[in-house]
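Written out below as structure tokens is the structure these notes cover.
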């Protein structure tokens with residue numbers, strides 16, 4: 038892996054972490070109640086929506102959403118942008 042690749046990954050991680058943290062500060066309870074989604078799902082959906090370019094046709098939107106979700110999943114799996122689970126959850130896994 039080149040140094041440039043490492044820098045780009047760290048920069049993306051930092052940007053996504055900042056976005057995630059900012060959405061945690063929102064009042065997600067009201068949106069959760071209205072939509073039936075969990076507060077975590079609301080945060081995730083807000084991140085996906087923010088990363089989507091404006092003015093996409095439905096097909097483009099679908100393709101972009103898939104790529105954004107794959108990108109977020111990559112960082113989520115490494116716990117790079119989301120908080121670490123509580124220790125008791127890790128011990129019971």
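In the working numbering, the protein residues as written are 38 to 130. Ideal placement from N, C-alpha and C gives every residue a C-beta, glycine not left out.
* Asked: Using the rule of at least 16 other Cβ atoms within 10 Å of the residue's Cβ for burial, across every protein chain shown, is residue 53 buried or exposed?
  -> buried
* Please check the pair residue 80 and residue 57, which I expect to be a contact at CB under 8 angstroms, by giving their CB distance rounded to whole angstroms. => 7 angstroms
* To do: Return the CA-CA distance between residue 73 and residue 82, expressed in angstroms with no decimal places.
  => 13 angstroms
* To do: Along the alpha helix (DSSP H) that carries residue 100, what are the first and last residues, could you check?
  => 95 to 114
* Buried versus exposed call for residue 104 [16 or more other C-beta atoms within 10 Å across all chains shown] -> exposed
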